[in-house]
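Protein chains: 2
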Amino acid sequence: MTATQTERQTGAGSITGIIDSDVHPNFKDGLRDLRPYMTEAWQRKLGIGGDATWASRFAAASYVLPLDYLYINSAGAYREDAIHNGEAPATDPVFSAKQLFDGHGIDVGILIAGQLFGIGAFPDADVAATVASAYNDWMCEQWLAVDPRYRGALAVAPQDPAQAVKEIERVQGRPGITSIFLPLHDILHGNRHYYPIYEAAQKYGLPIMVHPSGTENVFAQAPRMAGTPTYYIEWHTALAQIHQSNLLSLVCHGVFEKFPDLMYVICEGGFAWAAEIMWKLDRDYKGLGDEVPWLKRKPSDYIRRNVRFTTQPMIEPHKREHLNTVLEMVYADETLLFSSDYPHWDFDDPKLALAGIDRDLLQKICHDNPMAVYGHRL
Amino acid sequence: MTATQTERQTGAGSITGIIDSDVHPNFKDGLRDLRPYMTEAWQRKLGIGGDATWASRFAAASYVLPLDYLYINSAGAYREDAIHNGEAPATDPVFSAKQLFDGHGIDVGILIAGQLFGIGAFPDADVAATVASAYNDWMCEQWLAVDPRYRGALAVAPQDPAQAVKEIERVQGRPGITSIFLPLHDILHGNRHYYPIYEAAQKYGLPIMVHPSGTENVFAQAPRMAGTPTYYIEWHTALAQIHQSNLLSLVCHGVFEKFPDLMYVICEGGFAWAAEIMWKLDRDYKGLGDEVPWLKRKPSDYIRRNVRFTTQPMIEPHKREHLNTVLEMVYADETLLFSSDYPHWDFDDPKLALAGIDRDLLQKICHDNPMAVYGHRL
Numbered sequence: 001m002t003a004t005q006t007e008r009q010t011g012a013g014s015i016t017g018i019i020d021s022d023v024h025p026n027f028k029d030g031l032r033d034l035r036p037y038m039t040e041a042w043q044r045k046l047g048i049g050g051d052a053t054w055a056s057r058f059a060a061a062s063y064v065l066p067l068d069y070l071y072i073n074s075a076g077a078y079r080e081d082a083i084h085n086g087e088a089p090a091t092d093p094v095f096s097a098k099q100l101f102d103g104h105g106i107d108v109g110i111l112i113a114g115q116l117f118g119i120g121a122f123p124d125a126d127v128a129a130t131v132a133s134a135y136n137d138w139m140c141e142q143w144l145a146v147d148p149r150y151r152g153a154l155a156v157a158p159q160d161p162a163q164a165v166k167e168i169e170r171v172q173g174r175p176g177i178t179s180i181f182l183p184l185h186d187i188l189h190g191n192r193h194y195y196p197i198y199e200a201a202q203k204y205g206l207p208i209m210v211h212p213s214g215t216e217n218v219f220a221q222a223p224r225m226a227g228t229p230t231y232y233i234e235w236h237t238a239l240a241q242i243h244q245s246n247l248l249s250l251v252c253h254g255v256f257e258k259f260p261d262l263m264y265v266i267c268e269g270g271f272a273w274a275a276e277i278m279w280k281l282d283r284d285y286k287g288l289g290d291e292v293p294w295l296k297r298k299p300s301d302y303i304r305r306n307v308r309f310t311t312q313p314m315i316e317p318h319k320r321e322h323l324n325t326v327l328e329m330v331y332a333d334e335t336l337l338f339s340s341d342y343p344h345w346d347f348d349d350p351k352l353a354l355a356g357i358d359r360d361l362l363q364k365i366c367h368d369n370p371m372a373v374y375g376h377r378l
Numbered sequence: 001m002t003a004t005q006t007e008r009q010t011g012a013g014s015i016t017g018i019i020d021s022d023v024h025p026n027f028k029d030g031l032r033d034l035r036p037y038m039t040e041a042w043q044r045k046l047g048i049g050g051d052a053t054w055a056s057r058f059a060a061a062s063y064v065l066p067l068d069y070l071y072i073n074s075a076g077a078y079r080e081d082a083i084h085n086g087e088a089p090a091t092d093p094v095f096s097a098k099q100l101f102d103g104h105g106i107d108v109g110i111l112i113a114g115q116l117f118g119i120g121a122f123p124d125a126d127v128a129a130t131v132a133s134a135y136n137d138w139m140c141e142q143w144l145a146v147d148p149r150y151r152g153a154l155a156v157a158p159q160d161p162a163q164a165v166k167e168i169e170r171v172q173g174r175p176g177i178t179s180i181f182l183p184l185h186d187i188l189h190g191n192r193h194y195y196p197i198y199e200a201a202q203k204y205g206l207p208i209m210v211h212p213s214g215t216e217n218v219f220a221q222a223p224r225m226a227g228t229p230t231y232y233i234e235w236h237t238a239l240a241q242i243h244q245s246n247l248l249s250l251v252c253h254g255v256f257e258k259f260p261d262l263m264y265v266i267c268e269g270g271f272a273w274a275a276e277i278m279w280k281l282d283r284d285y286k287g288l289g290d291e292v293p294w295l296k297r298k299p300s301d302y303i304r305r306n307v308r309f310t311t312q313p314m315i316e317p318h319k320r321e322h323l324n325t326v327l328e329m330v331y332a333d334e335t336l337l338f339s340s341d342y343p344h345w346d347f348d349d350p351k352l353a354l355a356g357i358d359r360d361l362l363q364k365i366c367h368d369n370p371m372a373v374y375g376h377r378l
């Protein structure tokens, strides 16, 4: 661990290449992978203790991680070439490092969520907090310790902010921790519920990272979208809605006035939509500023200062010349961070996905902007 | 099949013993058990084609049956002694027949739902209909054909009533089919959405059976309860709410005026609560009858004529002498049907669960009432 730590501590200055803000390490066998990281009592409580393997196939016998169980991806959801030795994609940190870093010329990858995207849908806050905590130990031991190019977002459960703060304090000092992964929940992010988490994030210089949960309109306690889609393709495109609503909530509640140093990274949520939202908020603010008197700047200023978007899934305008225009509209030189979404089916190779972007802007998206967001923690 | 069919056709008259209205056959490996009963195209669409076994552990790679994934039963959810040869409970029709029929002196058991309780939560109506249809073929071939004491409720998907009617017409004439299992959905049962299903049910003399879905407040498109429980014990007791709401909806919409011969069997939904609902409806009806002018009798008359309740989980009044009073309040001599809920953890043995009930009433609950409901189809 010491060697890894040293490399990492000296790493920030030496990173000259691409920083990937969205990499997913997977469990081999769901929650059971976390057994070594929780007490026997908790294993029993989650239904993953003992050897009743038949039970894992039955509902009400063991918890499952809330994910996108009712929308399936007919393309397979994962890169087929990420299947290694017959194991599921991104379950082997050595193979994944070789494929992602060596294969695509990426310097550093931030691990986010594993399959914890949806724990905000657990109705029992203690279950969610225990799973998050076990995941953090698993991620540090099974992934961060294995290759010095990995970094990690520590996971917290959104249901009980007091427990989340304790978890941040427990894990934030470990080598390779760059940020906080805050799973989506059915309370929008501007609400006071989350302020203890934001306070801790600001105190420890940890950006908050959010990511589609896969539970949107699947589970009752998950974030909702406007209406229930039928097909995966329909649902997958609508996933951006919760990020739009959370962004509006954060700005309008004045979260970035209260926590001016808080950074909020929207992973895999799209970004082109942010242009219209900035324009609309700024326009409305002229007439409706009295409703949100705690704002001291125009709304888009907060987004440009405190919010970042990751690139994947990269936009593909019908007319290629529109790409740079959209990037300008969303202030990509300040707000955009490269991400690959390894090992998912719609993985973005930086060379292909970012083709056609000017060299200076590319340097910002791939390196300078992430360096500014994660700072010394890289 | 012919021998079985003959035994069954002559069976109705010869049944003198206990009829069990709630028995659950289980899959060994979830949806994959249904592969032989659907096209390859549908297997691929559901993510259960091919051999990518790792994929079954990942969300978005294969559909799962919507069930109670976020509330787990620390008692194990199943009778431990129903585990046979290391296989999950109620996956072997021969062993299950021996344990349920021979072991508990039960004459006939109606198979309901398997693990299809929650298919009303699927956002894609075609997925739900395909799963229901494959289940019906599986149930007939793997269970009804194996032991002449099994009967079956044919499953339909509630999302698309036109498809449900076609499925009723396809399956209703098969040997051993006694009824229709209608999975719960987020549209209450009095609504016109369901009338084509009720019309077919009445036409073919098939009672509608309903059962808790396990998805209540778990999945977004599932029936909701009032507020979100945290613990299984809390959630399990609140499950009756959707049955209460459906019953109110059926009565107030006048469904039993429109379909006077329709029988509606509430399985595992409790029954003591029905007394207060009958009293309250009848009382309100005196002042509010103008709002529901299509009702020609007082509300409780419809419940006594068209609605039946299964016994399990049997009530256990603190004072034993209250048992017979409650049974009288709910007109148990007309409305109650014995059920065991085999192979679940809270299985009711008829000798133990019904102890203390008068012999005449027992005969009605265990035999005469079910004979009247399922009629010649038994």
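Protein chains in written order, with UniProt numbering: chain Z, 1 to 378; chain U, 1 to 378.
The beta-carbon is built from N, C-alpha and C at its ideal position, and this holds for glycine as well.
1. Take every Cβ of the stretch 17–26 of chain Z, pair it with every Cβ of the stretch 330–348 of chain Z, and state whether three or more of those distances are shorter than 8 Å.
2. Output the boundary residues of the alpha helix (DSSP H) element that contains U:Gly-287.
3. With distances taken Cα to Cα, identify the nearest neighbour of Z:Pro-196 among Z:Lys-166, Z:Arg-224, Z:Thr-178.
4. Listing by chain order, which chain U residues have their CB less than 9 Å from the CB of residue 387 of chain Z?
5. Taking 8 Å as the CB-CB cut-off, is U:Tyr-231 touching chain Z?
6. For Z:Asp-284, which of Z:Pro-93, Z:Pro-299, Z:Ala-134 has the nearest alpha-carbon?
7. Would you call the stretch 228–248 of chain U and the stretch 97–107 of chain Z touching, i.e. three or more CB-CB distances under 8 Å?
8. Where do the ends of the beta strand (DSSP E) carrying Z:Phe-181 lie?
9. I need the boundaries of the alpha helix (DSSP H) containing Z:Val-373, first residue and last residue.
10. I'd like to know whether the C-beta of U:Ala-201 is nearer than 8 Å to at least one C-beta of chain Z.
11. Is there a C-beta anywhere in chain U that falls below 8 Å from the one on Z:Ile-110?
12. Opposite Z:Tyr-342 in the DSSP bridges: which residues?
13. Do the CB positions of Z:Arg-308 and Z:Met-263 come within less than 8 Å of each other?
14. How about Z:Pro-183: is its C-beta nearer than 8 Å to some C-beta of chain U?
15. Which parts of the stretch 187–259 of chain U are runs of the beta strand (DSSP E), unbroken and 3 residues or longer, counting only runs that do not cross its ends?
16. Z:Ala-61 and Z:Gly-47 look like a contact to me (Cβ under 8 Å); what is the Cβ gap, rounded to whole Å?
17. Find the residues of chain Z that neighbour U:Ala-222, judging by a C-beta separation of less than 9 Å, and give them in chain order.
18. I need the straight-line Cα distance from Z:Thr-16 to U:Pro-158, nearest angstrom please.
19. By the criterion of Cβ-Cβ separation under 7 Å, what are the contact partners of U:Ser-62 in chain Z?
20. Would Z:Gln-312 pass as a contact of Z:Asp-348 if the rule is Cβ separation under 8 Å?
21. Any beta carbon from chain Z within less than 8 Å of U:Asp-301's own beta carbon?
22. Using a Cβ distance threshold of 8 Å, determine whether the stretch 230–240 of chain Z contacts the stretch 80–96 of chain Z, with at least three qualifying pairs required.
23. Could you pull out every unbroken alpha helix (DSSP H) segment of at least 4 residues lying fully inside the stretch 286–363 of chain U, listed in chain order?
24. Measure the Cβ-Cβ separation of U:Lys-45 and Z:Ser-213 and say whether it is below 8 Å.
25. Taking Z:Ala-164 as the query, report the chain U residues whose CB atoms sit under 8 Å from its CB, ordered along the chain.
26. For the stretch 289–297 of chain Z against the stretch 215–227 of chain Z, do three or more pairs of beta-carbon atoms, one drawn from each stretch, fall closer than 8 Å, so that the two count as touching?
27. Please look up how many angstroms separate the CB atoms of U:Val-131 and U:Leu-116, rounded, as I've assumed it's under 8 Å.
28. Compute the beta-carbon to beta-carbon distance between U:Leu-327 and U:Thr-178, rounded to the nearest angstrom, for a pair I have assumed lies under 8 Å.
29. Skipping 5 residues on each side, what residues in its chain have a beta carbon closer than 6 Å to that of Z:Ala-3?
30. Which first and last residues belong to the beta strand (DSSP E) in which U:Asp-126 is found?
31. If you run the structure through DSSP and keep just helix, strand and coil, what is U:Val-165?
32. For Z:Tyr-231, count neighbouring C-beta atoms within 10 Å of its own C-beta (all shown protein chains included) and say buried if the count is 16 or more, exposed if not.
33. Using only the alpha-carbon positions, how far apart do U:Lys-364 and U:Leu-70 sit?
34. Take Z:Ala-272 and list the residues in its own chain whose beta-carbon comes closer than 6 Å to its own, dropping the five residues that flank it on each side.
35. Between Z:Pro-183, Z:Pro-66, Z:Glu-334, Z:Ile-187, which has its C-alpha nearest Z:Val-210's C-alpha?
36. Mind reading off the beta-carbon distance from U:Ser-339 to U:Ile-106? Whole number of angstroms is fine, and I expect it under 8 Å.
Well, looking at it:
1. Judged by Cβ distances under 8 Å, the stretch 17–26 of chain Z makes contact with the stretch 330–348 of chain Z, as three or more pairs qualify.
2. Its alpha helix (DSSP H) spans residues 273–288.
3. Of the listed residues, the one whose Cα sits closest to Z:Pro-196 is Z:Lys-166.
4. A question about residue 387 of chain Z goes unanswered here, because the residues of chain Z that appear run from 1 up to 378.
5. Yes - at least one Cβ of chain Z is within 8 Å of the one on U:Tyr-231.
6. Per the Cα distances, Z:Pro-299.
7. Touching, no.
8. First-last of the beta strand (DSSP E) with Z:Phe-181: 177–181.
9. 369–374 is the span of the alpha helix (DSSP H), which, as asked, contains Z:Val-373.
10. For U:Ala-201, no CB of chain Z lies under 8 Å from its own CB, so it is not counted at the interface with that chain.
11. No, because no Cβ of chain U sits closer than 8 Å to the Cβ of Z:Ile-110.
12. DSSP output for Z:Tyr-342 lists Z:Val-23 as bridge partner(s).
13. The criterion of a C-beta distance shorter than 8 Å is satisfied by Z:Arg-308 and Z:Met-263.
14. Under the Cβ criterion of 8 Å, Z:Pro-183 is not counted among the residues facing chain U.
15. Listed in chain order, the complete beta strand (DSSP E) runs (minimum 3 residues) inside the stretch 187–259 of chain U are 208–210.
16. Confirmed, about 5 Å.
17. The contacting residues are Ala-220.
18. Looking at the two C-alpha atoms, the distance is approximately 57 Å.
19. Those within 7 Å of U:Ser-62 in chain Z are Ile-72.
20. Cβ atoms of Z:Gln-312 and Z:Asp-348: closer than 8 Å.
21. Chain Z contact via Cβ: absent.
22. No: the two stretches stay apart, fewer than three of their Cβ pairs being nearer than 8 Å.
23. Correct list: 299–306, 322–329, 332–335, 350–353, 359–363.
24. No.
25. At a C-beta separation below 8 Å, Z:Ala-164 has no neighbours in chain U, since its nearest C-beta there lies roughly 17 Å away.
26. Taking a cut-off of 8 Å on C-beta distances, the stretch 289–297 of chain Z does not touch the stretch 215–227 of chain Z, as fewer than three cross pairs fall below it.
27. U:Val-131 to U:Leu-116, Cβ: 7 Å. Contact.
28. The distance from the Cβ of U:Leu-327 to that of U:Thr-178 is about 24 Å, inconsistent with a contact at the 8 Å cut-off.
29. With a pLDDT of only 36 at Z:Ala-3, under 50, the local geometry of the prediction cannot be trusted, and no value is derived from it.
30. Annotation for U:Asp-126: no beta strand (DSSP E) segment contains it, though the alpha helix (DSSP H) segment containing it runs 125–139.
31. DSSP places U:Val-165 within a helical segment (H, G or I) once states are collapsed to three.
32. Z:Tyr-231 counts as exposed, since fewer than 16 other C-beta atoms from the protein chains shown sit within 10 angstroms of its C-beta.
33. Whole-angstrom Cα-Cα distance: 38 Å.
34. Counting only Cβ-Cβ distances below 6 Å, and skipping sequence neighbours, we find Ile-315, Val-326.
35. The residue with the shortest Cα to Cα distance from Z:Val-210 is Z:Pro-183.
36. About 10 Å separates the CB atoms of U:Ser-339 and U:Ile-106; that is not less than 8 Å, and the two are not in contact.
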